[in-house]
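What follows is a short report on a single structure.
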Amino acid sequence: MILRSRGMADSSGKDSSPSERFRALEVYPGETPRELYVRLKELFSKWVRPEQKSVKEISEMMILEQFLRMVNTEMEVWIKERNPKTAEEAHFSRKPGRAPTKARGSSRSRYTIKHFHIAGSGSNFATVV
C-alpha cells in the first residue's frame, strides 16, 4: 500500500515516497504562499490519489502509514514484508508478544499489546499492557 515514487531521492540516495516528500516539504527561498500551496496540493494528490480511492481507503492508507511510523524498526520491517492493505491487517499480522511502539526519543519499545478473542463473538481485541 505504501508506494514509492521514482525520480526523487532522499538524503541516503533512496527514492522517497510521495508521502515522505509531502511531509518533508520545505518552503523554497522566494517561494510565494500560492506556489507552496500548489506544490503541497500536487504532492498530496500523488500520494493519496483521491480521484481513485474512497474516503475509507484514504483513511486506511493514512492510518496504516502512521501505524508503521510508530512501531519500532524491526516491527515495521516485519509488517511491511507481509504487505498489509490496512492498518487492521498490520495490527493483527504483527508478531505476538512483541512490543510495537517506540518510546519518545528512543528506539526502545515501551508497550506490549496482547491479542485475545472472545469466543462466539467473532471479534478480536487487543489490550495494552
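Residue numbering for the sequence shown follows full-length UniProt numbering, beginning at 1 and increasing consecutively. Using N, Cα and C, we set each Cβ at its ideal position, and we do this for glycine too. None of the values given here were measured: they were computed from a predicted structure.
{"Query": "Can you tell which of His91, Leu40, Arg34 has the C-alpha that lies nearest to the C-alpha of Arg21?", "Result": "Leu40"}
{"Query": "Return the chain-ordered ranges of every alpha helix (DSSP H) run that is complete within the region 24-98 and spans a minimum of 4 residues.", "Result": "33-48, 55-70, 73-81, 87-93"}
{"Query": "Identify, in the order they occur along the chain, each residue of the same chain with its Cβ nearer than 8 Å to the Cβ of Ser5, setting aside the five sequence neighbours on each side.", "Result": "Caution applies to Ser5, whose pLDDT of 35 falls short of 50 and renders its modelled position unreliable; the value that the coordinates give is listed next. Asp15, Ser16, Ser17, Pro18, Arg21, Lys46, listed in sequence order."}
{"Query": "Since Leu64 and Ala24 are thought to touch, with beta carbons under 8 Å apart, how far apart are those beta carbons, to the nearest angstrom?", "Result": "Rounded, the Cβ-Cβ distance is 19 Å, inconsistent with contact."}
{"Query": "Ignore the nearest five residues each way along the sequence and tell me which others in Val27's own chain have a CB closer than 7 Å to its CB.", "Result": "Leu36"}
{"Query": "In or out: Val55 buried (at least 16 other Cβ within 10 Å) or exposed?", "Result": "exposed"}
{"Query": "Run through DSSP, which three-state label would Ser19 get?", "Result": "helix"}
{"Query": "Do you know offhand how far Asn72's Cα is from Met61's?", "Result": "19 Å"}
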